[in-house]
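S.K.:
2 protein chains.
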Amino acid sequence: MSNDFSDIRALTFDVFGTVVDWRSSVIRELEVIATNIHVEIDAEEFADEWRSGYPRIMQEVRDGLRPWDTIDVLHRVILEELIPRYGLERLSEDERTSLNRVWHRLIPWPDSVEGLMKLKTKYVIATLSNGNVALLVDMAKHAAHVDPSGNGLPWDLVFSAELFGHFKPAPEVYLGAARLLDLAPDQVMMVATHAGDLRAAASIGFRTAYVDRPIEWGISRAAAEKRSGDEFDIEVDDFLELAAMLGIE
Amino acid sequence: MSNDFSDIRALTFDVFGTVVDWRSSVIRELEVIATNIHVEIDAEEFADEWRSGYPRIMQEVRDGLRPWDTIDVLHRVILEELIPRYGLERLSEDERTSLNRVWHRLIPWPDSVEGLMKLKTKYVIATLSNGNVALLVDMAKHAAHVDPSGNGLPWDLVFSAELFGHFKPAPEVYLGAARLLDLAPDQVMMVATHAGDLRAAASIGFRTAYVDRPIEWGISRAAAEKRSGDEFDIEVDDFLELAAMLGIE
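Chains A and B supply the protein sequences, listed in that same order.
With the numbering used here, letter number 152 in the first sequence gets 152, and the count goes up by one each step, no holes.
Position in the second sequence counted from 1, then plus 1000, gives you the numbering used here.
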């Protein structure tokens, strides 16, 4: 864990949970759509199950049980499993398509846009997400409508598992990003709120920044204590603190 | 040639010549570096030969005479051919590396940043260039230092031949961009100052916008007359006119 960050040229960001608050965004849209068709659902539970289905289904892809596909398609597969269980069969095809695209409209954490604007002045900032490219660019542009600054997520580059044909935490994803950046792995810092993502990045030589997002899974499941403080190069509470740690005013 | 542009969701841009004035940028840096080592060169001719070498060497890649490589590498190959012819052998390895990266520092045409900012409010805007990803992102960020607005080139996405393993005008490049955008080809408009690029895009279903850049190859070779006006969906003089044609104030 070196404190010398002078070689770093680019920051790559996990997106779901790290940059955007997927849970509040999905719950809100589920509540609206269920109310519209006069069905009562536990939107928190639905959102959590939808999100939890995603590592499971990605694992089926990795194991060869399911062909490679975009997260849009995988989200839809999970949605179709959940719809009958929550009594939402009345949703039309158009409504299902629209609901599935809620993942394109996730809302940034309050510090995300301002922090990214600061970090962008010194570094190349890129997504490095299992989300597909179209999802990530829609999300970036949608943020312009919901963030008080009026800025979207100001990515320099949108890197996605889709470009590499592998999902994180496969090493191909991190190595592919470094190759496209024309940088050595230790010139790139992975930023994420998930330790597994950071460990995979570190294993191929990336620097690492852990960002604490304790309410990613809701207030009731907020992490009871902070991380221990020495596994990653940087551990911070938000992107503004990250910018400060990297010497940006 | 339909005038109905309501289906268009994304604009993809050729970069060298269309967005940036490669010739002035390269001439200026060549003049500085030659003066520094006390050599007189015809910087205009050098710049033109450097640029002209690039379609030739890309053709060698297409013909299988040379393995796939990035434009950075191909630019360096041509540079090494030109150095002895112009008496610049005194340039050190570091100076050659830096000079070769002039293509990362090309300066936008005066309307480019303002026009892209407008277009970005309504469309996804993406590069679609034979330049490699690292070159394109460096160029976008460098523009923040040279454009009066202080904005860089505000790309939503950086698409490069490097992502697809083919150079334009191969159809794989345009089809690959549409696939990553999750759009049908006719929802995408290619913007370029080179008719061949637009014809290749049109052949797989893209809409097309021709932007006149008459001094791309210098004042003395400025095109004597404008284009005839009916081959492409839109023909304009700059990006501000393009924005107006697409209904953006």
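Virtual Cβ for every residue (Gly too), placed ideally from N, Cα, C.
#1: Identify the continuous beta strand (DSSP E) that holds B/SER1129 and give its terminal residues.
#2: I'd like to know whether the C-beta atoms of B/VAL1019 and B/SER1112 end up nearer to each other than 7 Å.
#3: Would you mind working out which of A/LEU240, A/VAL173, A/HIS194 sits nearest A/ILE204, comparing C-alpha positions?
#4: So, is the C-beta of B/ASP1265 closer than 7 Å to a C-beta in chain A?
#5: Does DSSP put B/VAL1158 in a helix, a strand or coil?
#6: Put A/VAL236 into one of helix, strand or coil per three-state DSSP.
#7: For chain B, check one thing: does any of its Cβ atoms lie closer than 7 Å to the Cβ of A/ALA134?
#8: Report the three-state DSSP secondary structure of B/ALA1222 (helix, strand or coil).
#9: Is it the case that the Cβ atoms of B/SER1160 and B/ASN1132 are separated by a distance below 7 Å?
#10: When burial is assigned at 16 or more other CB atoms within 10 Å of the CB, is B/GLY1165 buried or exposed?
#11: Would you tell me roughly how many angstroms separate the C-alpha atoms of A/ARG9 and B/PHE1206, rounded to the nearest one?
#12: On a CA-only basis, which of B/LEU1079, B/ASP1182, B/PHE1232, B/GLU1162 is nearest B/MET1190? Give me that one, please.
#13: Tell me B/VAL1188's beta-bridge partners as DSSP assigns them.
#14: Identify each residue in the region 1060-1072 of chain B for which the Cβ-Cβ distance to at least one residue of chain A is less than 9 Å, and report them in chain order.
#15: Whose C-alpha, out of A/ARG101, A/PRO185, A/ALA170, A/ALA195, is nearest the C-alpha of A/GLN59?
#16: Once you ignore the five residues that flank B/ARG1066 on each side, which residues in its own chain have a CB closer than 6 Å to its CB?
#17: At a Cβ cut of 7 Å, what residues of the region 165-189 of chain A count as close to chain B, listed as they run along the chain?
#18: B/ILE1083 by DSSP, collapsed to three states: which one?
#19: Answer yes if the region 25-36 of chain A comes into contact with the region 126-145 of chain A, meaning at least three C-beta pairs across the two stretches below 8 Å, and no otherwise.
#20: Name the chain A residues that come within less than 9 Å of B/LYS1141, Cβ to Cβ?
#21: Shortest alpha-carbon distance to A/LEU240 belongs to which of A/ASP4, A/ILE41, A/GLY115?
#22: One question on the structure: do A/ILE78 and A/TRP109 come within less than 7 Å of each other, judged by their Cβ atoms?
#23: Does any C-beta atom of chain A lie closer than 7 Å to the C-beta of B/VAL1137?
#24: Output yes or no for whether 7 Å exceeds the beta carbon distance between A/GLU216 and A/GLY87.
#25: Can you pull the chain A neighbours of B/GLU1162, defined as C-beta to C-beta under 8 Å?
#26: Based on the DSSP output, what are the partners of B/TYR1210 in its beta bridges?
#27: Where does B/PRO1055 fall in DSSP's three states?
#28: Suppose contacts are defined by Cβ-Cβ distances below 7 Å. Is A/HIS104 in contact with A/ASP156 by that definition?
#29: Note down the Cα distance separating B/GLU1029 from B/ASP1014, rounded to an integer number of angstroms.
#30: Around the Cβ of A/SER25, are there at least 16 other Cβ atoms within 10 angstroms (buried) or fewer (exposed)?
#31: Within the continuous alpha helix (DSSP H) that includes B/ALA1178, where are the two ends?
#32: The alpha helix (DSSP H) with A/GLY64 in it runs from where to where?
#33: Report yes if the C-beta distance between B/ALA1134 and A/LEU181 is below 7 Å; otherwise report no.
#34: Could you give the DSSP three-state label for B/ILE1204: helix, strand or coil?
M.R.: So, from the data block:
#1: If you number the second sequence from 1, residue 1129 of chain B lands on position 129. Where B/SER1129 is concerned, the enclosing beta strand (DSSP E) stretches over 1124-1129.
#2: Numbered from 1 along the second sequence, position 19 holds the residue referred to as residue 1019 of chain B. Numbered from 1 along the second sequence, position 112 holds the residue referred to as residue 1112 of chain B. Yes; because the gap between Cβ atoms is below 7 Å, this pair is in contact.
#3: As a position in the first sequence, residue 204 of chain A is number 204, starting the count at 1. Among A/LEU240, A/VAL173, A/HIS194, the Cα nearest to that of A/ILE204 is on A/VAL173.
#4: Since the first residue of chain B shown is 1001 and the last is 1249, residue 1265 of chain B is not available in this structure.
#5: The residue labelled residue 1158 of chain B in the question sits at position 158 within the second sequence. If DSSP states are grouped into helix, strand and coil, B/VAL1158 belongs with the strands.
#6: Here residue 236 of chain A is taken as the residue at index 236 of the first sequence, counted from 1. Three-state result, A/VAL236: strand.
#7: Numbered from 1 along the first sequence, position 134 holds the residue referred to as residue 134 of chain A. Answer yes: the Cβ-Cβ gap between A/ALA134 and chain B drops below 7 Å somewhere.
#8: Walking along the second sequence from the start, residue 1222 of chain B turns up at place 222. In this structure, B/ALA1222 counts as coil in the three-state DSSP scheme.
#9: Within the second sequence, the letter at position 160 stands for residue 1160 of chain B. Within the second sequence, the letter at position 132 stands for residue 1132 of chain B. A contact, by the Cβ cut-off of 7 Å.
#10: Translated into positions along the second sequence, residue 1165 of chain B becomes position 165. By the neighbour-count rule (16 or more Cβ atoms within 10 Å), B/GLY1165 is not buried but exposed.
#11: In the first sequence, the residue the question calls residue 9 of chain A occupies position 9. In the second sequence, the residue the question calls residue 1206 of chain B occupies position 206. In a straight line, the C-alpha of A/ARG9 is about 35 Å away from that of B/PHE1206.
#12: Indexing the second sequence from 1 puts residue 1190 of chain B at position 190. The candidate whose alpha carbon is nearest that of B/MET1190 is B/PHE1232.
#13: Indexing the second sequence from 1 puts residue 1188 of chain B at position 188. B/ALA1010.
#14: THR1070, ASP1072
#15: For the purposes of this step, residue 59 of chain A is identified with residue 59 of the first sequence, where counting begins at 1. Of the candidates A/ARG101, A/PRO185, A/ALA170, A/ALA195, the one whose C-alpha sits nearest the C-alpha of A/GLN59 is A/ALA170.
#16: Position 66 of the second sequence, counted from the first residue, corresponds to residue 1066 of chain B. Around B/ARG1066: GLU1060.
#17: LEU180, LEU181, ASP182
#18: The residue given as residue 1083 of chain B occupies position 83 in the second sequence. Of the three classes helix, strand and coil, the one that applies to B/ILE1083 here is helix, per DSSP.
#19: no
#20: Along the second sequence, read from residue 1 onward, the residue named residue 1141 of chain B stands at position 141. Near B/LYS1141 (Cβ distances below 9 Å), the residues of chain A are LYS120, VAL124, ASP156.
#21: The residue given as residue 240 of chain A occupies position 240 in the first sequence. The candidate whose alpha carbon is nearest that of A/LEU240 is A/GLY115.
#22: By 1-based counting over the first sequence, the position of residue 78 of chain A is 78. By 1-based counting over the first sequence, the position of residue 109 of chain A is 109. Not in contact: A/ILE78 and A/TRP109 (Cβ atoms no closer than 7 Å).
#23: Here residue 1137 of chain B refers to the residue found at position 137 when the second sequence is read from its first residue. So yes, B/VAL1137 belongs to the interface.
#24: Translated into positions along the first sequence, residue 216 of chain A becomes position 216. Translated into positions along the first sequence, residue 87 of chain A becomes position 87. For A/GLU216 and A/GLY87, no; Cβs fall outside 7 Å.
#25: Taking the second sequence and counting its residues from 1, one reaches residue 1162 of chain B at position 162. Per Cβ cutoff of 8 Å: LEU180.
#26: Looking up residue 1210 of chain B in the second sequence gives position 210. According to DSSP, B/TYR1210 bridges with B/ALA1192, B/GLU1235.
#27: Counting from 1 along the second sequence, the entry for residue 1055 of chain B is found at position 55. In this structure, B/PRO1055 counts as helix in the three-state DSSP scheme.
#28: The residue labelled residue 104 of chain A in the question sits at position 104 within the first sequence. The residue labelled residue 156 of chain A in the question sits at position 156 within the first sequence. No, these two residues do not count as a Cβ contact at 7 Å.
#29: Translated into positions along the second sequence, residue 1029 of chain B becomes position 29. Translated into positions along the second sequence, residue 1014 of chain B becomes position 14. About 23 Å.
#30: Locating residue 25 of chain A in the first sequence gives position 25, counting from the first residue. Looking at its Cβ environment, which holds 16 or more other Cβ atoms inside 10 Å, A/SER25 is buried.
#31: Translated into the one-based positions of the second sequence, residue 1178 of chain B becomes position 178. Here the alpha helix (DSSP H) through B/ALA1178 covers 1171-1181.
#32: Counted from its first residue, the first sequence places residue 64 of chain A at position 64. Where A/GLY64 is concerned, there is no enclosing alpha helix (DSSP H), given that its DSSP letter is neither H nor E.
#33: Here residue 1134 of chain B corresponds to residue number 134 of the second sequence, with the count starting at 1. Here residue 181 of chain A corresponds to residue number 181 of the first sequence, with the count starting at 1. Going by C-beta atoms, B/ALA1134 is nearer than 7 Å to A/LEU181.
#34: Residue 1204 of chain B sits at position 204 when you count from the first residue of the second sequence. Reduced to three states, the DSSP call for B/ILE1204 is coil.
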